[in-house]
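So that you can map any letter, position 538 of the sequence shown is 781 in the numbering used here, and since no number is skipped, the others follow by simple counting.
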Amino acid sequence: MSDERNTDDRRDGERYDFQAIQEKWLPVWDELKPFAAGDPADKRPRKYVLDMFPYPSGDLHMGHAEAFGFGDIVARYWRHQGFNVLHPIGWDSFGLPAENAAIQRGVDPREWTYANIAQQKASFRQYGPSFDWDRELHTSDPEYYRWNQWLFLQLFEKGLAYRKASPVNWCPNDQTVLANEQVVDGHCERCGAEVTKKKLTQWYFRITDYADRLIDDLNQLEGTWPAKVLSMQRNWIGRSNGADVSFSIEGRAEPVSVYTTRPDTLYGVTFMVVAPDSELAAELVADTSDEVKGRFQAYLDSVKGESEIARLATDRQKTGVFLERYAINPLSGERLPIWAADYVLADYGHGAIMAVPAHDQRDLDFARAFDLPVRVVVDTTQPVTGAIPIIVDGELPEDLPSIDPAKTGVALTGDGRLTNSGPFDGLSKANAIPKVTAALASSGLGAKTKNYRLRDWLISRQRYWGTPIPIIHCDACGEVPVPEDQLPVRLPDAAGLDLRPKGMSPLAAAEDWINVDCPSCGKPAKRDSDTMDTFVDSSWYFLRFLNPTSDEIAFDPKEADKWAPVDQYVGGVEHAILHLLYSRFITKVLFDLGKVGFTEPFSALLNQGMVILDGSKMSKSKGNLVEFAQELRSYGADALRVTMAFAGPPEDDIDWADVSPAGSAKFLARAWRVAHDVTSSPDVAWKDGDEKLRKVTHHFLAEAPGLIEAGKFNVVVARLMELVNATRKAIDAGPGAGDPAVRESAEVTAMALDLFAPFTAEDMWAKLGYQPSISLVPWRKADRSLLVEDQVTAVVQVDGKVRDRLEVSPKISGEELEQLARASAAVQRSVGDREIVNVVVRAPRVVSIATKG
């Protein structure tokens, strides 16, 4: 092994050896269990800190090092603040990647999964996070997924779990369905294959019943969740206010309801469009000629291979087929041709839209492609305030031909006043929408309503490695839930099963497993062969950590009252929609069931950025992969953790090419040496120490908590480095290693360093004469009298470059500080004969001078 782990700081025959320090303290922590949070006699206030648990896809990587390092900073900080902190760890161990990897290797998914868990656990231990290892869980254990099945049955009983046939996203490579959220740019988020559509009977959770609460309750999280995540959640739920409008169809008894956010544009409807894969389209075409049926069927066949993302793309050529059926405009009575086109989705609204080409770009593109009428009904050239211009015969002014959408190809989507709209002419858009809606309602032709982008959560997966759905299908009784006392429904042994993707679950071939007697009537029946989406596993795991070994209950509501919701959640922004939305939904269901007393699972959220190399995402195929295990061997856990924290704000990406774990290791050696050099005893009176060093120490004590709670970990590390340098200076240049202020500073350094470098901090604490564990030492309180500054350093910049530093009174006025800056010889040399054009003063810290010439 190279000697990179040994620094050049070797005094008195000792050196900073991270490997020896790690090996020394790991067994001590195992014995002492300082991070266990289960003692019922512990009366400290509680904090729950949780990291998004890892998937066991191999050894830990640099992204894990970053995310779990940040989470551990928060957990350790709250322990120092006097809290009993729950910081658990588990593995999200079901899912497609494990199954696919096992198939490629010809092994049981269990074998592959648990071998990876063992590897990751070993690496985690070397990294030193303050996990309560007694609460470890794996979602692929029957002891866990039993409660997935219990949760499913709770939703089933409440009517929130149901089965229906519908077009679904289908991954032809993994041979399974995908939720909308698992389709990224038209491709499977797991394997990258292009997603197609397939009609299947699947299980859903009725998340749309909670759409309003899911969007309204985001208000509870303002200021504690990243604004970007809140926006992504709101956009995904996609609530819009509008109206359902009834269009009668020639030859059809029942009218068709169309949802629109723009009822003010009803007079501009020139045709109707239905989704080609909707039941409505099939019904309408059934009463047409064979020629129309043939054209429609050919078009439908071409659409089946398209993903929703592709169909909704604004830049693709519009296609469609005329159904030779007509609808009637409920306000104008106009006869409207009905088309089938793929830019309308079967599950949006009612699967049909009213097309207003003058004021909707996709409708306009379609109208221009098929030479359909375009009628302007909102004159965007008119102001919506002030006098209403006179409209002559409902025609646009002849001198404004450039705004005609039929000619320009650009829809008019701005505000304006209605034209060509009968009794509503002259109304602004804002006034017209409620008036048109009221007119429709009064005549029974429409009603005010809301619509959502959100669709019910599709949870069925046609794969083996997942939670079996606890339903038995009986010809006589229908869908029968497995009795709770028969849970868990265990996965059968994979031996003898062909796990290769083939369009149906491998469980269907497990004859001894799938064939059972109906629990209700006793007749022969079959188990459901699908397994659950792994997002079910992670939607409530934070609660299972409260009672991870219980075989009596999923979680104890009393424990949930004590610990939950999670005080600080840490994880990647890539889960901003999927996992977080599902967890929020399940929490609200559990609240309605009386199982928990809160409606949001995660009170605060911290998103970390990515660890990249040379500006791009790390990839083995690109040859730019930095291996966590190698970095751990070369520099040690503490150096990696300090490097991650010091690199920048947590939400920013870290380019490993721009950071220096070697530099972090040198800093740690310098801090460790400070503790080694202290010669005073632990009972020394700090107040008798050097006042200058004590001021540096107590400024750090006062400022660090606010910085940590604001997520400014990099600033705290920088302040720690300043504190170590000041202490080193006091040791080497006076007052010396025996000064009480040196001991005080060394102890504060060790305590604070525990957040970032726990092995080094623990070893420093021992060298200072204390028993482990430093992780439980209360945060020292700052002496307010030492925070009063006699002088501060004012930085003087000229054209953005620092030219001088002035020691001034903290009470200096801006005018006085500017005069001192202008009088500085260094500033005068820098300015020369150029003209000073601007001076910005931020007393007492900064003077910024701008020049020209």
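Heads up, the beta-carbon is just placed ideally off N, CA and C, and yes, glycines get one too.
Since the structure is predicted, the reported quantities are computational estimates derived from the model, not experimental observations.
Query: Could you tell me the distance, in whole angstroms, from the CA atom of residue 1025 to the CA atom of residue 287?; Result: 22 angstroms
Query: What's the call for residue 342, buried or exposed, on a 16-neighbour Cβ count within 10 Å?; Result: buried
Query: Tell me, please, whether the stretch 924-937 touches the stretch 880-887 by the rule of three or more beta-carbon pairs shorter than 8 angstroms.; Result: no
Query: Tell whether a beta-carbon distance below 8 angstroms holds between residue 844 and residue 826.; Result: yes
Query: Name the residue from 442, 734, 708, 513 whose alpha carbon lies nearest to the alpha carbon of residue 590.; Result: 442
Query: Would residue 458 and residue 477 be called neighbours here (beta carbons separated by less than 8 angstroms)?; Result: yes
Query: What is the C-beta distance between residue 841 and residue 303, in whole angstroms, given that I count them as a contact (C-beta under 8 angstroms)?; Result: Actually they do not touch by this definition, with Cβ atoms about 32 angstroms apart.
Query: CA-CA distance, residue 564 and residue 521?; Result: 14 angstroms
Query: Taking just the CA atoms, how far does residue 419 sit from residue 467?; Result: 37 angstroms
Query: Counting only the same chain and skipping the five closest in sequence on each side, list residues whose C-beta sits under 7 angstroms from that of residue 413.; Result: 420, 438, 439, 440, 441
Query: Identify, in the order they occur along the chain, each residue of the same chain with its Cβ nearer than 8 angstroms to the Cβ of residue 630, setting aside the five sequence neighbours on each side.; Result: At residue 630, the pLDDT of 44 sits below 50, so the modelled position is not reliable; the number obtained from the coordinates is stated separately. The answer is none, since no qualifying residue turns up.
Query: Which residues in the same chain have their Cβ closer than 6 angstroms to the Cβ of residue 747, if we skip the five residues on either side of it in sequence?; Result: 705
Query: Does the distance from the C-beta atom of residue 1035 to that of residue 1051 stay below 8 angstroms?; Result: yes
Query: Below 8 angstroms on the Cβ atoms is my guess for residue 587 versus residue 850; work out the distance and round it to an integer in Å.; Result: In fact, because the Cβ distance is near 35 angstroms, the residues do not count as touching under 8 angstroms.
Query: So what's residue 919 in DSSP terms, helix, strand or just coil?; Result: helix
Query: Using a Cβ-Cβ cutoff of less than 7 angstroms, which residues in the same chain neighbour residue 1080 once the five nearest sequence positions on both sides are dropped?; Result: 1093, 1094, 1095
Query: Take every Cβ of the stretch 292-309, pair it with every Cβ of the stretch 811-830, and state whether three or more of those distances are shorter than 8 angstroms.; Result: yes
Query: Which runs of the beta strand (DSSP E) at least 3 residues long sit entirely within the stretch 935-1019? Give them in chain order.; Result: none
Query: What residue does the beta strand (DSSP E) around residue 291 start on, and which one ends it?; Result: 289-294
Query: Which residue or residues does DSSP assign as beta-bridge partners of residue 897?; Result: 854
Query: Rounded to whole angstroms, what is the Cα-Cα separation between residue 633 and residue 660?; Result: In this predicted model, residue 633 has a pLDDT of only 44, less than 50, meaning its place in the structure is not dependable; the value taken from the coordinates is given anyway. So the alpha carbons of these two residues sit roughly 11 angstroms apart.
Query: Just verifying my parser: in three-state terms, what is the DSSP assignment at residue 756?; Result: helix
Query: Excluding the five sequence neighbours on either side, which residues of its own chain have a C-beta within less than 7 angstroms of the C-beta of residue 796, listed in chain order?; Result: 790
Query: When burial is assigned at 16 or more other CB atoms within 10 Å of the CB, is residue 259 buried or exposed?; Result: buried
Query: Can you tell me whether DSSP reads residue 464 as helix, strand or coil?; Result: helix
Query: Counting pairs of Cβ atoms below 8 angstroms between the stretch 975-989 and the stretch 945-954, do you hit three or more?; Result: no
Query: DSSP three-state label for residue 629, please.; Result: With a pLDDT of 47 at residue 629, under the threshold of 50, the modelled position of this residue cannot be trusted; read the value that follows with caution. Of the three classes helix, strand and coil, the one that applies to residue 629 here is coil, per DSSP.
Query: For residue 968 and residue 901, what's the separation of their Cα atoms in angstroms?; Result: 23 angstroms
Query: Name the two residues that bound the continuous beta strand (DSSP E) containing residue 716.; Result: 714-717
Query: Nearest by alpha-carbon distance to residue 593: which of 770, 524, 1048, 751 is it?; Result: 524
Query: Buried or exposed: which applies to residue 349, given that a residue is buried once 16 or more other Cβ atoms fall within 10 Å of its Cβ?; Result: exposed
Query: In the DSSP assignment, the beta strand (DSSP E) including residue 624 goes from what residue to what residue?; Result: Careful: residue 624 lies outside any beta strand (DSSP E) and carries neither H nor E.
Query: Please report the straight-line C-alpha distance between residue 1022 and residue 992, rounded to a whole angstrom.; Result: 11 angstroms
Query: Mind reading off the beta-carbon distance from residue 987 to residue 929? Whole number of angstroms is fine, and I expect it under 8 angstroms.; Result: 4 angstroms
Query: Tell me the DSSP bridge mates of residue 410?; Result: 442
Query: So what does residue 324 bridge to, in DSSP terms?; Result: Partner(s): none; residue 324 has no beta bridge.
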